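Residue numbers in the sequence shown follow the numbering used here, run continuously in steps of one, and reach 392 at the last position. Positions of the beta carbon are idealized from the N, C-alpha and C atoms, including for glycine. Keep in mind the model is a prediction, meaning the values are calculated, not measured. Accompanying notes for the structure given below.
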Amino acid sequence: MTCFLSAAFSGEEQGFWGSAAYAQYIHENNINLQQVINIDMIGYAPGGNSVVIEQDEGNVVDTNDQPSQEFAAKMARMAADYTDLEVSFGPIYETDYMPFEALGYVCVGVYEAEENPEYHSTYDTAGSLNMSSIAEVTKMILATACHEAMKLPGIDKPICHNWGRSHFKHGKRRYGYGTLRQYGSVNWWH
203 MTCFLSAAFS
213 GEEQGFWGSA
223 AYAQYIHENN
233 INLQQVINID
243 MIGYAPGGNS
253 VVIEQDEGNV
263 VDTNDQPSQE
273 FAAKMARMAA
283 DYTDLEVSFG
293 PIYETDYMPF
303 EALGYVCVGV
313 YEAEENPEYH
323 STYDTAGSLN
333 MSSIAEVTKM
343 ILATACHEAM
353 KLPGIDKPIC
363 HNWGRSHFKH
373 GKRRYGYGTL
383 RQYGSVNWWH
């Protein structure tokens, strides 16, 4: 079976409880996991739309380093093609992709470029987030997922198709998806 999975893990700061359990489950059941995209701390962007794409640069397993760096470069291309994000690169470290990396899976992460001074405080609320920055990150993630889905074997029809030109702000012409469906579903959303 080929699918995309979105997961929210608990216990990250207590030792990756949720992600470690799920990574072990994936590994023990020989589930063909292609890539892990960890989205952590996005939306604090007071000075613009800057994000860090984190890539594996040498952790527990080294055989996934180069594929991680190649995947991070693809994600940066998706950001350039489909968003107004300013991208820089950094290493993966100390969040929910680490249990997956330790088992050899290809991992990247997306993180806000500026440190949030309200981090882990009572002032760290949705009201302090830049929703347009979150939307740009979401577009980058969806574009990356759709781009990767088109290459997966065993899919009769691509997950995303009808890629065509659409206009975005500032007069830029960007490509975007026209139709989306969940794999295995007969329903298409336009």
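Pick from the options that is closest to residue i, judged by C-alpha positions
{"i": "E259", "options": "P269, T327 and S212", "result": "P269"}
{"i": "S335", "options": "F211, A225, Q237 and Y246", "result": "Y246"}
{"i": "Y313", "options": "S330, I294 and E303", "result": "I294"}
{"i": "F302", "options": "Q216, T327 and A222", "result": "A222"}
{"i": "S252", "options": "G329, T327, G292 and Y325", "result": "G292"}
{"i": "A304", "options": "L207, E215, N266 and A351", "result": "N266"}
Own chain, CB closer than 7 Å to residue i, minus 5 neighbours either side, in chain order
{"i": "G213", "result": "W219 and G220"}
{"i": "L331", "result": "G245 and Y246"}
{"i": "Y299", "result": "V238, N240, C309 and G311"}
{"i": "E215", "result": "none"}
Spatial neighbours of residue i in its chain, beta-carbon cut-off 6 Å, leaving aside the 5 residues before and after
{"i": "S290", "result": "V254"}
{"i": "L235", "result": "I228 and Y307"}
{"i": "Q271", "result": "Q257"}
Contact check, residue i vs residue j, beta carbons under 8 Å
{"i": "A282", "j": "Q257", "result": "no"}
{"i": "V308", "j": "Q237", "result": "yes"}
{"i": "A210", "j": "Y224", "result": "no"}
Environment of residue i [buried if 16+ CB atoms lie within 10 Å]
{"i": "H322", "result": "exposed"}
{"i": "M333", "result": "exposed"}
{"i": "L287", "result": "buried"}
{"i": "V262", "result": "exposed"}
{"i": "G250", "result": "exposed"}
{"i": "T297", "result": "buried"}
{"i": "K359", "result": "A caution first: K359 carries a pLDDT of 49, below 50, which makes its placement in the model too unreliable to give a value."}
{"i": "N231", "result": "exposed"}
{"i": "A328", "result": "exposed"}
{"i": "E350", "result": "buried"}
Same chain, Cβ closer than 8 Å to residue i, five either side skipped, listed in chain order
{"i": "D326", "result": "N318 and E320"}
{"i": "P248", "result": "E316 and N332"}
Quiz item: Should the region 317-332 be regarded as contacting the region 273-291, the criterion being three or more beta carbon pairs within less than 8 Å?
Solution: They do not touch, by the three-pair rule.
Quiz item: Any contact of the region 236-245 with the region 335-355, i.e. 3+ C-beta pairs under 8 Å?
Solution: Contact check between the region 236-245 and the region 335-355: three or more CB pairs, one atom from each, fall below 8 Å, which counts as touching.
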